[in-house]
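These notes are about the structure you will find just below.
Numbering (full-length UniProt numbering), first residue to last: 1 to 252.
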């Protein structure tokens, strides 16, 4: 297997840092977090600014996610994503016994592209084309952590849907960092009391998040007494999302 290209790897790491930041970041802080010399980081970030993936505040000199990255994350045809994901979503519902949702970034929210019912035959409502908040769902938290949606953190209205909804930008930023570290998000009662979800990112080229896949069900079934997912749920969701990501990257 060929070794990774160092300059691309460094640029990707820098973009992840900017996406996770709750406010624009100084060059020196980026260099410290990347453990690289300031001139090296300056060269990388200036290139990212030139192509629109990063931006610099003229007043402070600080850096943040740029509009070009947002456009890149929105270039994938949603119908193509749905067609690539459908079989994996069906399999995930069958193996977990839970409903499965596929969502993409839409404005300051999540748009559901695909919805697979629980395979238990119980009455359910089709949620395709439904919109959900970014901050109060596992799908949204994954998109915040892995896509250009992170640049919208400052403009999000953090409405408290339940007592468990995240309403602090600082707490939401910490959650985004945790989601990025572990590779998935867990939400328990943040949108609807008693309902939990586990979501993982669907990644396009350069690790840009273009969608998210989630299993959804009753909290008592999905989580243990300490609020941790049961039955290898994170592993199964991550595996399905990774398979969809690979399908996209191989065929596009």
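Glycine included, each C-beta is placed from N, C-alpha and C at the ideal position.
Since we're looking at a predicted model, the values are computed, not measured.
- Per DSSP, residue 168 lies in no beta strand (DSSP E) and is assigned neither H nor E.
- Taking the C-beta atoms as reference points, residue 185 is found no nearer than 7 Å to residue 213.
- The beta carbon of residue 227 lies closer than 8 Å to those of 186, 188 in the same chain, with the five residues before and after it left out.
- Counting only the Cα atoms, residue 95 lies some 10 Å from residue 237.
- For a cut-off of 8 Å, the C-beta gap from residue 211 to residue 104 is around 5 Å, short enough to register as a contact.
- Exposed is the label assigned to residue 28, since fewer than 16 other Cβ atoms lie within 10 Å of its Cβ.
- Rounded to the nearest angstrom, the Cβ distance from residue 113 to residue 62 is 35 Å, too far for a contact under 8 Å.
- Residue environment analysis places residue 204 among the buried positions, since at least 16 neighbouring C-beta atoms fall within 10 angstroms of its C-beta.
- Bounds of the alpha helix (DSSP H) holding residue 50 are 38–50.
- By alpha-carbon distance to residue 9, the top candidate from 208, 243, 157 is 208.
- In the three-state reduction of the DSSP assignment, residue 65 falls in the strand class.
- Proximity to residue 88 across 243, 248, 249 peaks at 243, based on C-alpha coordinates.
- The criterion of a C-beta distance shorter than 7 Å is not satisfied by residue 108 and residue 158.
- It is roughly 10 Å from the alpha-carbon of residue 197 to the alpha-carbon of residue 234.
- Comparing alpha-carbon positions, the option among 55, 172, 116, 247 lying closest to residue 135 turns out to be 172.
- Close CB contacts of residue 229 within its chain, under the 7 Å cut and outside five residues either way in sequence, are with 186, 198, 222, 223 (chain order).
- Just measuring C-alpha positions, the residue of 5, 30, 6 sitting nearest residue 15 is 30.
- Closest by C-alpha distance to residue 249, out of 110, 118, 85, 231, is 85.
- If one requires a minimum length of 3 residues, the beta strand (DSSP E) runs lying completely within the segment 98–150 are 99–106, 109–116, 131–133, in chain order.
- In this structure, the CA atom of residue 17 is about 10 Å from the CA atom of residue 11.
- Looking at the DSSP output, residue 211 sits in a beta bridge with 202.
- With 16 or more other CB atoms across the displayed protein chains lying within 10 angstroms of its CB, residue 176 is buried.
- For the set 202, 162, 117, 163, the Cα lying nearest the Cα of residue 143 is the one of 202.
- When secondary structure is reduced to three states using DSSP, residue 193 falls in the coil class, being assigned neither helix nor strand.
- CA-to-CA, the gap between residue 64 and residue 121 works out to about 47 Å.
- Exclusion of the five residues before and after residue 42 leaves 27 as the residues of its chain whose Cβ lies within less than 7 Å of its Cβ.
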